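First the structure, in the form of structure tokens, and then the observations on it.
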Amino acid sequence: MNEWPAAIWASISAMTAALVLSFIVVLGSLARESAAIQQQDDDAVAIVKEYRKISRYEGTTGLYPQDVISAIAESKGMPTVAVDLVAGASDTFELWDSERYKDHKNEFSPTYLTELTGTFPIDARFDATLFKDENGAIAEIRFRRP
Numbered sequence: 001m002n003e004w005p006a007a008i009w010a011s012i013s014a015m016t017a018a019l020v021l022s023f024i025v026v027l028g029s030l031a032r033e034s035a036a037i038q039q040q041d042d043d044a045v046a047i048v049k050e051y052r053k054i055s056r057y058e059g060t061t062g063l064y065p066q067d068v069i070s071a072i073a074e075s076k077g078m079p080t081v082a083v084d085l086v087a088g089a090s091d092t093f094e095l096w097d098s099e100r101y102k103d104h105k106n107e108f109s110p111t112y113l114t115e116l117t118g119t120f121p122i123d124a125r126f127d128a129t130l131f132k133d134e135n136g137a138i139a140e141i142r143f144r145r146p
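Counting with UniProt numbering, you get residues 1 to 146 for the letters of the sequence shown.
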């Protein structure tokens with residue numbers, strides 16, 4: 001007679017352990033799903049922030065040198081900022097890209113960029129164009145002097 005209660009307790013313990021393990025599995029899957037949803041939300045916010053930061057240069061004309069310097073400082077090499085320093089139809093661009101950032105981080109500092117203001121004539125105006133890569137990500141902001 002003592003065998004039945006031990007068997008019953010063993011089966012109850014096994015069912016309880018199975019129930020606890022199934023709860024752990026369900027909670028783990030819920031945590032993964034909620035993390036995936038949160039990541040999608042974070043990605044959407046990052047896309048909107050990037051769009052707000054860079055979209056102001058899409059087809060904009062009459063930008064001041066300060067606008068170009070702000071774009072260089074904000075980009076930190078990604079996306080590439082190409083600046084036409086000579087007015088007219090030249091294709092000579094000064095590039096501020098990720099390679100330059102990697103090798104010369106000081107060229108993206110506020111001090112250096114403030115000194116760079118002297119490179120541009122005060123009356124210079126720039127037309128901005130965005131160039132996208134195959135995936136639709138913005139690869140370059142090009143500032144051309146008309």
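For glycine and all other residues, C-beta sits at the position ideal for the given N, C-alpha and C. As the structure is a prediction and not an experimental result, all values here were calculated from the model.
Near L63, which residues of its chain fall below 8 Å by C-beta distance, leaving aside the five closest residues on each side in sequence?
As a position in the sequence shown, residue 63 is number 63, starting the count at 1. Same-chain partners within the cutoff: Y57, R125, F126, D127, A128 and F143.
Option in D43, I72, E33 and A10 with minimal Cα separation from D97
Within the sequence shown, residue 97 is the residue found at index 97, counting from 1. Checked all of D43, I72, E33 and A10; the closest Cα to D97 is I72.
Would A89 be called buried (16 or more neighbouring beta carbons within 10 Å of its own) or exposed?
Your numbering for residue 89 matches position 89 in the sequence shown. Answer is exposed; the Cβ neighbour count stays below 16.
Quick check: the Cα distance between D41 and G77, rounded to an integer number of angstroms?
Taking the first residue of the sequence shown as position 1, residue 41 is located at position 41. Taking the first residue of the sequence shown as position 1, residue 77 is located at position 77. Distance between the alpha carbons of D41 and G77 is about 26 Å.
Can you tell me whether DSSP reads T60 as helix, strand or coil?
Looking up residue 60 in the sequence shown gives position 60. Under the three-state reduction of DSSP, T60 is assigned to coil, being neither helix nor strand.
So is P146 buried or exposed if we call it buried at 16+ other beta carbons inside 10 Å?
The sequence position of residue 146 within the sequence shown is 146, counting from 1. The residue in question, P146, is exposed, as its Cβ has fewer than 16 Cβ neighbours within 10 Å.
Taking C-alpha atoms, which residue in A10, T114, D133 and K132 lies nearest to P65?
Position 65 of the sequence shown, counted from the first residue, corresponds to residue 65. Among A10, T114, D133 and K132, the Cα nearest to that of P65 is on T114.
Going straight from the alpha carbon of A18 to that of D43, what length do you get?
For the purposes of this step, residue 18 is taken as the residue at position 18 of the sequence shown. For the purposes of this step, residue 43 is taken as the residue at position 43 of the sequence shown. Between A18 and D43, the C-alpha separation is close to 37 Å.
Endpoints, the alpha helix (DSSP H) within which D67 is located
By 1-based counting over the sequence shown, the position of residue 67 is 67. Run containing D67: P65 to S75, per the alpha helix (DSSP H) assignment.
Opposite W96 in the DSSP bridges: which residues?
Your numbering for residue 96 matches position 96 in the sequence shown. In DSSP, W96 forms a bridge with V81.
Use the C-beta contact count for P79: other C-beta atoms within 10 angstroms, 16 or more gives buried, fewer gives exposed.
Taking the sequence shown and counting its residues from 1, the one referred to as residue 79 is at position 79. Buried is the call here.
State the start and end residues of the unbroken beta strand (DSSP E) segment that holds R142.
Against the sequence shown, residue 142 aligns to sequence position 142. Segment I138 to R144, the beta strand (DSSP E) holding R142.
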